[in-house]
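K.L.:
Taking the working numbering as reference, the numbering of the sequence shown is continuous, increasing by one, and the terminal residue is 813.
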Amino acid sequence: MAVAESALSLQLSGLPMHQLIALLCVSAVVYKLSVLLHKRNVAFHAMAAFPGPPTHWLFGHALEFKNDERDIVKNLKWAQHYPYAFPVWYGPFVCLLKIHHPDYVKTLLTSTEPKDDFVYSLIKPWIGEGLLVSEGQKWIRHRRLLTPGFHYDVLKPYIQLMADSAKTMMDKWERYAKTNESFELSEHVSLMTLDSILKCAFSYNSNCQTVGGSNTYIKAVYQIISLVNLRIRTILYHNDLIFYLSPHGYRYRKARKVAYNVTAEVIRKRKEALKEEKELDRIQAKRNLDFLDILLLAKDENQQSLSDEDIQAEVDTFMFAGHDTTASGVSFIFYCLACHPEHQKMCRDEILEVLGDKDTLGWDDLGKIPYTTMCIKECLRLYPPVPAISRKLSKPMTFFDGRTLPAGRVVGVSVFLCHKNASVWENPDVFDPLRFLPENVSRGHLMHLCLLQLGQETALVRSLP
Ligand code: HEM
Numbered sequence: 349m350a351v352a353e354s355a356l357s358l359q360l361s362g363l364p365m366h367q368l369i370a371l372l373c374v375s376a377v378v379y380k381l382s383v384l385l386h387k388r389n390v391a392f393h394a395m396a397a398f399p400g401p402p403t404h405w406l407f408g409h410a411l412e413f414k415n416d417e418r419d420i421v422k423n424l425k426w427a428q429h430y431p432y433a434f435p436v437w438y439g440p441f442v443c444l445l446k447i448h449h450p451d452y453v454k455t456l457l458t459s460t461e462p463k464d465d466f467v468y469s470l471i472k473p474w475i476g477e478g479l480l481v482s483e484g485q486k487w488i489r490h491r492r493l494l495t496p497g498f499h500y501d502v503l504k505p506y507i508q509l510m511a512d513s514a515k516t517m518m519d520k521w522e523r524y525a526k527t528n529e530s531f532e533l534s535e536h537v538s539l540m541t542l543d544s545i546l547k548c549a550f551s552y553n554s555n556c557q558t559v560g561g562s563n564t565y566i567k568a569v570y571q572i573i574s575l576v577n578l579r580i581r582t583i584l585y586h587n588d589l590i591f592y593l594s595p596h597g598y599r600y601r602k603a604r605k606v607a608y609n610v611t612a613e614v615i616r617k618r619k620e621a622l623k624e625e626k627e628l629d630r631i632q633a634k635r636n637l638d639f640l641d642i643l644l645l646a647k648d649e650n651q652q653s654l655s656d657e658d659i660q661a662e663v664d665t666f667m668f669a670g671h672d673t674t675a676s677g678v679s680f681i682f683y684c685l686a687c688h689p690e691h692q693k694m695c696r697d698e699i700l701e702v703l704g705d706k707d708t709l710g711w712d713d714l715g716k717i718p719y720t721t722m723c724i725k726e727c728l729r730l731y732p733p734v735p736a737i738s739r740k741l742s743k744p745m746t747f748f749d750g751r752t753l754p755a756g757r758v759v760g761v762s763v764f765l766c767h768k769n770a771s772v773w774e775n776p777d778v779f780d781p782l783r784f785l786p787e788n789v790s791r792g793h794l795m796h797l798c799l800l801q802l803g804q805e806t807a808l809v810r811s812l813p
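1) According to DSSP, simplified to helix, strand and coil, what is L444?
2) Hey, would you say N788 sits closer than 7 Å to H449, going by beta carbons?
3) Is P744 helix, strand or coil by DSSP?
4) Hey, would you say the C-beta of I724 is under 6 Å away from at least one heavy atom of the ligand HEM?
5) In chain order, what residues of the same chain have a beta carbon less than 8 Å from the beta carbon of S762, not counting five sequence neighbours either side?
6) For L470 and I580, which I take to be in contact (beta-carbon distance under 8 Å), what is that distance rounded to the nearest angstrom?
7) So what does DSSP say about G750, is it helix, strand or coil?
8) Just to confirm my understanding: we take K647, look at its own chain, exclude 5 residues before and 5 after, and list those with CB closer than 6 Å. What are they?
9) So is the beta-carbon of G439 under 6 Å away from any non-hydrogen atom of the ligand HEM?
10) Let me confirm a value: F392 is counted as buried when at least 16 other C-beta atoms fall within 10 Å, else exposed. Which label applies?
11) Drop a sphere of 10 angstroms on the beta-carbon of N563, count the other beta-carbons inside from all chains shown, and report buried for 16 or more, exposed for fewer.
12) Return helix, strand or coil for V678, following the three-state DSSP convention.
13) Secondary structure at L433, three-state DSSP: helix, strand or coil?
14) Can I737 be considered in contact with the ligand HEM, in the sense that its beta carbon sits closer than 6 Å to one or more heavy atoms?
15) Would a C-beta distance cut-off of 7 Å place Q571 and A603 closer than the cut-off?
16) Quick one, are the C-beta atoms of M510 and S534 less than 7 Å apart?
17) Helix, strand or coil for G439? Go by DSSP, reduced to three states.
18) Per DSSP, which residues does A736 bridge with? Please list them.
19) Taking W786 as the reference, which of M722, N775, P732 has the closest Cα?
20) Taking Cβ positions, are A568 and V606 nearer each other than 7 Å?
21) Hey, out of P401, I566, A433, W521, whose CA is closest to L542's CA?
22) Work out the CA separation of T516 and H495 for me, nearest whole Å.
23) So, are the CB atoms of L456 and R739 less than 7 Å apart?
24) With distances taken between CB atoms, is the gap from T673 to E698 smaller than 7 Å?
25) So is Q660 buried or exposed if we call it buried at 16+ other beta carbons inside 10 Å?
26) Can you tell me whether A525 is buried or exposed, with buried defined as 16 or more other CB within 10 angstroms of its CB?
27) Alpha carbon to alpha carbon, how far is I507 from A433?
28) Have a look at F407 and F466 and give me their C-alpha separation to the nearest angstrom.
29) Do G439 and I583 have their beta-carbon atoms positioned less than 7 Å apart in this structure?
30) Would the beta-carbon of T541 be found less than 6 Å away from any heavy atom of the ligand HEM?
31) Which residue's Cα is closest to the Cα of N650: L363, P462, A514, R489?
32) Quick check on the burial criterion: 16 or more other C-beta atoms within 10 angstroms. Buried or exposed for E529?
33) According to DSSP, is G408 helix, strand or coil?
34) Starting from the N-terminal side, write out each stretch of the alpha helix (DSSP H) that is 4 residues or longer and does not extend beyond the region 453-537.
35) Does any heavy atom of the ligand HEM sit closer than 6 Å to the C-beta of T752?
36) Would you mind working out which of M365, S482, L381 sits nearest T665, comparing C-alpha positions?
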């Protein structure tokens with residue numbers, strides 16, 4: 349307004365048009381810069397109570413991150429130096445408070461603070477506003493509609509489908525074992541978990557494990573995640589226009605399209621099948637309702653169904669969240685057990701005993717393998733498949749040590765650093781499944797964190813009001 353008024357008075361004083369335009373541009377730049385400087389100032393003040401590693405005035409800590417194991421070493425060093433929490437700057441304006449102690453995490457996650465609008469906005473163009481990203485009334489409505497899909501009765505039959513997928517993978521490995529050929533294990537595991545989620549949640553037989561070659565969906569997801577990480581670390585890419593016009597932005601859009609086409613095809617085929625089956629009762633009599641049926645047939649209290657866009661977003665979310673996390677978890681379980689043959693033997697003996705002369709474990713057997721369960725928990729502690737999540741404060745938050753962070757700030761929970769926190773875990777780098785013996789789990793928060801990684805997160809991280 350002030351700029352427009354001064355421009356008008358200058359025009360009246362007879363300034364030539366090109367000078368007037370130049371003046372307007374300069375004023376706009378000055379205005380934008382002062383807004384940004386104010387934003388930076390506010391962020392600095394907000395973080396005043398939380399000392400952190402030295403930061404570059406322009407790049408913040410962005411140049412410190414190399415996207416490899418050096419980042420892990422750096423983060424561990426910082427966490428050791430700054431107990432509980434420290435600020436991390438991604439450029440001059442974007443800053444989050446990284447927290448790495450369960451008591452801090454508890455304060456944040458027992459509140460109902462929303463997801464932050466920076467990191468989650470970077471995956472929104474791909475998975476849309478599914479459960480992972482959505483907030484408020486939309487999230488509540490969708491969670492209510494989809495909760496029947498998580499009922500034990502729905503989950504129980506999945507165990508046989510998962511066992512079938514695992515058997516296909518093991519048969520392939522048998523062939524490698526015979527020829528002594530080495531192979532990249534995590535690719536096989538990703539195909540196995542994708543095969544499982546397709547069969548369990550979407551009743552879709554893709555044969556993705558046996559068709560050979562690399563899977564376009566898995567490749568696309570891998571590329572999208574790498575590009576999102578790159579975006580977070582590259583200040584210029586925080587701007588949508590610059591990112592989408594860049595070669596990386598082009599690759600992101602291309603990969604997004606590939607992933608989208610796969611999920612859209614799954615939905616299309618089911619919609620066709622449902623048209624033929626017509627009635628819910630007839631479908632139910634024929635087979636168990638799966639997650640996709642629930643999505644397509646769900647109606648809220650006003651008899652409103654989910655829109656096509658909402659269905660696509662939930663399918664994209666489930667396909668990603670349901671295969672990528674489990675692939676990472678299972679791959680690291682193999683890794684840990686390979687590094688610790690003594691524990692591997694204990695698991696093998698325990699499973700063989702429960703198995704008896706059966707082909708595979710059933711639902712009820714899962715409670716009969718405590719040693720294996722402890723090994724799985726310990727792997728997930730050391731290598732959490734979701735290493736961080738974040739929230740944006742809608743009101744000031746005071747943590748247990750009395751330090752307060754004002755509203756509007758982003759808090760990032762480093763699940764990885766929490767799991768490595770020496771004030772919580774004895775010898776945190778050591779693989780020790782026995783730390784999960786019931787008598788050793790004395791502090792409630794330890795289990796809380798591990799459950800976060802065990803897929804029971806939906807009840808703990810965000811529960812329905
Ligand atoms: C080891 C396996 C898994 C781990 C470690 C894991 C971890 C997590 C974490 C930490 C969150 C919270 C994210 C946040 O608040 O920002 C989350 C949310 C979610 N996960 Fe998982 N997850 C796993 C498996 C799965 C599977 C198999 C599915 C689907 C079949 C799934 C679907 C979801 C969904 C839909 C959400 C959003 C829930 C909501 O906010 O309502 N996850 N997961």
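The C-beta atom is built at its ideal place from N, Cα and C for all residues, glycine as well.
P.N.:
In terms of the structure at hand:
1) Three-state result, L444: strand.
2) Against a cut-off of 7 Å, the Cβ pair of H449 and N788 comes out as no contact.
3) Residue state, collapsed to three classes: coil.
4) Every heavy atom of the ligand HEM is 6 Å or more from the Cβ of I724, so no.
5) Here the set comprises N423, A427, K446, I447, H448, P735, A736.
6) Rounded to whole angstroms, the Cβ separation of L470 and I580 is 7 Å, and the two are in contact under 8 Å.
7) G750 carries a coil assignment under DSSP once its states are collapsed to helix, strand and coil.
8) Within the same chain, K647 has close Cβ partners S653.
9) Checking every heavy atom of the ligand HEM against the Cβ of G439, none is found closer than 6 Å.
10) F392 should be labelled exposed.
11) Under this definition N563 is a buried residue.
12) The answer is helix: DSSP assigns V678 an H, G or I state.
13) Reading off the sequence, residue 433 comes out as Ala, not Leu. A433 falls in the strand class under three-state DSSP.
14) I737: yes, Cβ under 6 Å from the ligand HEM.
15) Contact flag set, yes.
16) No, the Cβ-Cβ distance between M510 and S534 is not below 7 Å.
17) G439: coil per DSSP, three-state reduction.
18) Assignment of beta-bridge partners to A736 by DSSP yields S762.
19) Trp is not the amino acid found at residue 786; the sequence shown has Pro there. Nearest of M722, N775, P732 to P786, Cα basis: M722.
20) Yes. Within cutoff.
21) Among P401, I566, A433, W521, the Cα nearest to that of L542 belongs to I566.
22) Checking the sequence shown, residue 495 turns out to be Thr, not His. Those two C-alpha atoms are separated by around 30 Å.
23) R739 sits close to L456, with the two beta carbons spaced by under 7 Å.
24) Contact annotation: T673 and E698 have beta-carbon atoms that are not nearer than 7 Å.
25) Buried, by the Cβ-count rule.
26) Exposed.
27) Straight-line Cα distance between these residues: approximately 40 Å.
28) Going by the C-alpha atoms only, they are around 17 Å apart.
29) For I583 and G439, yes; Cβs fall inside 7 Å.
30) No, the Cβ of T541 stays beyond 6 Å of every heavy atom of the ligand HEM.
31) Considering only alpha carbons, the answer is R489.
32) By the neighbour-count rule (16 or more Cβ atoms within 10 Å), E529 is not buried but exposed.
33) Correct three-state label for G408: strand.
34) Correct list: 467-475, 484-494, 500-503, 506-527.
35) At a threshold of 6 Å, T752 does not count as near the ligand HEM, since its beta carbon sits no closer than that to any of the ligand's heavy atoms.
36) Selected option, being the one with the closest Cα: S482.
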